[in-house]
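These notes are about the structure you will find just below.
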Amino acid sequence: MNDPKNNNKNSLNIEITDEVSQGTYSNLAIIAHSKAEFVIDFTRVLPGTPKAKVHSRIIMTPQHAKMLARALTDNIGKFEAVNGEIQIDGSGNINNFPGFEGGSGNTKIN
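Add 1211 to the 1-based position in the sequence shown for the working numbering, that's all there is to it.
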């Protein structure tokens, strides 16, 4: 006899609020780390704006950061298999940020 409790033993029910389900747009992530954790700040860089506000900060263990990196690599590979290689313009300097001009030149995109 099947026990309904055991059918979902490996599943996880994740809830999301209406506010969170709307998402937050970010075109820049700033990453810092210590031995114990990775901190990822998500922000938006807008043309003609001298500074950017952090809209979300995610803190995770090094193990979870590595799992996230693997998941992103896997999903980017799947995306590129269907849509072609994602092109990145510039050297990673904020002055070369696609579609933006100006800036102080001392901010790096990670």
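All residues carry an ideal CB built from backbone N, CA and C; glycine is no exception.
*Note the first and the last residue of the continuous beta strand (DSSP E) segment covering ARG1268.*
Residue mapping note: residue 1268 aligns to position 57 of the sequence shown, counting from 1. That run of the beta strand (DSSP E) goes 1265 to 1271.
_Of the listed residues PRO1273, GLU1230, MET1278, nearest to SER1326 (C-alpha basis)_ = Residue 1326 cannot be examined here, being either before or after the span of the chain that is shown, 1212 to 1321.
*Which residue from ALA1276, SER1267, VAL1293, LYS1220 puts its Cα closest to that of GLY1234?*
As a position in the sequence shown, residue 1234 is number 23, starting the count at 1. Nearest to GLY1234 by alpha-carbon distance, out of ALA1276, SER1267, VAL1293, LYS1220, is SER1267.
*asked:* Please state whether the Cβ-Cβ distance between ALA1243 and PHE1253 is less than 7 Å.
replied: As a first step, residue 1243 is located in the sequence shown; it is residue number 32 there, counting from the start. As a first step, residue 1253 is located in the sequence shown; it is residue number 42 there, counting from the start. No, Cβ-Cβ distance for ALA1243 and PHE1253 is not below 7 Å.
*Distance, Cα to Cα, ILE1287 vs PRO1261?*
Working through the sequence shown from its first residue, we reach residue 1287 at position 76. Working through the sequence shown from its first residue, we reach residue 1261 at position 50. Distance between ILE1287 and PRO1261, taken at the CA atoms: about 31 Å.
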